[in-house]
Amino acid sequence: MELNVEAMYRRYGDMVLGRCRTLLRNEADAQDVCQEVFLRLHRYREGFRFDASPTTYLYRITTTTCLNHIRGRSRRREELEEEPTTIPVEDSRLASHEIRDLVRHLLAEADEGTRDCVVYHFIDGMTHDEIGELLGLSGAAVRKRISTFRARLAAHPPPWLKEWED
Numbered sequence: 280m281e282l283n284v285e286a287m288y289r290r291y292g293d294m295v296l297g298r299c300r301t302l303l304r305n306e307a308d309a310q311d312v313c314q315e316v317f318l319r320l321h322r323y324r325e326g327f328r329f330d331a332s333p334t335t336y337l338y339r340i341t342t343t344t345c346l347n348h349i350r351g352r353s354r355r356r357e358e359l360e361e362e363p364t365t366i367p368v369e370d371s372r373l374a375s376h377e378i379r380d381l382v383r384h385l386l387a388e389a390d391e392g393t394r395d396c397v398v399y400h401f402i403d404g405m406t407h408d409e410i411g412e413l414l415g416l417s418g419a420a421v422r423k424r425i426s427t428f429r430a431r432l433a434a435h436p437p438p439w440l441k442e443w444e445d
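Under the working numbering, the letters of the sequence shown match residues 280 to 445, in that order.
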């Protein structure tokens with residue numbers, strides 16, 4: 280039995296694009312990554328397990344592809360930045376932006392399992408048990424990965440917080 284990628288796109292394309300929009304928060308990137316998801320599905324269609332739910336499979340591959348895109352974007356940004364600029368923080372939106380960048384940076388450095396747990400929990404609002412079932416882990420293992428990520432985040436306070444403490 281061969282996978283019909285065109286039919287999958289017609290049926291699940293909007294779901295995949297919506298997931299990309301949620302994770303990437305950029306329309307052009309979301310559309311690019313959505314295309315990449317279906318290209319990968321086409322490329323690896325022979326390896327598709329028909330015992331798995333198509334939505335579960337697509338959800339997972341979409342999340343992984345989006346996170347890889349974020350990681351690549353983070354690396355490209357680091358390569359382009361020659362010297363960081365320091366701007367005094369007077370606006371909470373800027374502080375939120377710095378925190379979001381820090382989270383993206385730490386997610387890019389995290390292993391795939393931890394990234395999946397963090398995204399499913401904080402972005403999708405899934406419980407530890409739901410994530411464990413999706414990823415084949417125990418709820419305790421998911422909780423540990425999220426706890427470890429939180430500890431890494433706490434160990435990297437944003438620069439503006441250090442300036443406030445001085």
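By construction, the Cβ of each residue, glycine as well, lies at the ideal position given by its N, Cα and C atoms.
Item: Sufficient close CB pairs (3 or more, under 8 angstroms) joining the segment 402-413 to the segment 384-392; Value: no
Item: Buried versus exposed call for Arg-372 [16 or more other C-beta atoms within 10 Å across all chains shown]; Value: Because the pLDDT at Arg-372 is just 46, under 50, the model does not fix this residue reliably, and the value given afterwards should be weighed accordingly. The residue is exposed, with fewer than 16 neighbouring Cβ atoms inside 10 Å.
Item: Arg-324 to Tyr-336 span [Cα, whole Å]; Value: 12 angstroms
Item: Among Arg-304, Phe-317 and Ala-286, nearest to Val-295 - alpha-carbon criterion; Value: Phe-317
Item: Proximity below 8 angstroms, CB of Ile-349 to CB of Leu-320; Value: no
Item: Integer Cβ distance of Arg-424 from Cys-396, believed to fall under 8 angstroms; Value: 4 angstroms
Item: Val-398 vs Thr-342 beta-carbon contact at 8 angstroms; Value: yes
Item: Reduced DSSP secondary structure (H/G/I, E/B, other) of Asp-403; Value: coil
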